[in-house]
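Under our numbering, the letters of the sequence shown match residues 1 to 186, in that order.
Even for Gly, the Cβ is constructed at its ideal location relative to N, Cα and C.
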Amino acid sequence: MILASSAQTWGLPLSVAVVSGALSIAAAAVAARSAKATKRAENEAQRIRDLEGRIAEKKYGVYRPMINLFRDILDRRQPAEDELRASISEFATWVSIYGSDGAVKAFHDFMQAAYADPPPAILMRLYADFVIAARRDMGYPDTAIDQKHFLGMRINDLYQHPMLRSVDKPFDELCREQGWNPPWRQ
């Protein structure tokens, strides 16, 4: 009787100890799996950051010659026509691969307008739109600058110039004001 009573006394605590030990082992296994998953996710995030860095570097290389070419044209340094065509062709090839949708569209609109004899305000607006799209594409997606911020660095009388004062209006309104119809909307 004493033996049976002793087994009953030790049975419950022993069962609790076995269950808690098993739960501890299971918790350790879950923690190990979670740690592996976290490490895998950290490695994947680092790989993505590395890829984004390489792409951003490539984008800089793609945009720089075209932005410099436009700068030279604005500064009235006229490149040779062959150089101009080669630069534009090279850029169009690479921006279509590396550029964001917004940058490709902005470059398209600028180039199509350039072939359609736009008023200066339209051309300046589309140029500014392109540079702002490039800025967003190369690392400032939430940029708050607008066309006048950008053009004001290049044009000293922007706010007094009658043709350019409204360059930051909605594009359709600017086109109506300037009496110009974009070729991509005809």
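- Taking a contact as a CB-CB distance under 8 Å, the pair LEU174 and ILE122 counts as one, their CB atoms being some 7 Å apart.
- In the DSSP assignment, TRP94 falls within the alpha helix (DSSP H) that extends over 81-98.
- By the beta-carbon neighbour count (other beta carbons within 10 angstroms, threshold 16), TYR115 is exposed.
- When Cβ pairs closer than 8 Å are counted between the two stretches, the segment 89-107 is seen not to touch the segment 46-54, the count staying below three.
- With a beta-carbon spacing of about 6 Å, TYR60 and MET138 fall inside the 8 Å limit used to define contacts.
- For ASN156, the three-state secondary structure derived from DSSP is coil.
- Counted as a single uninterrupted DSSP element, the alpha helix (DSSP H) harbouring ASP101 occupies residues 101-114.
- Of all alpha-carbon atoms in VAL131, LEU74, ARG125 and ALA106, the one lying nearest the alpha-carbon of VAL167 is that of ARG125.
- Taking C-beta atoms as the reference points, ALA106 and ALA133 count as a pair closer than 7 Å.
- By the C-beta density criterion, TYR63 is buried, having at least 16 other C-beta atoms within 10 angstroms.
- DSSP, reduced to helix, strand and coil, places GLY179 outside both helices and strands of the structure shown, so it counts as coil.
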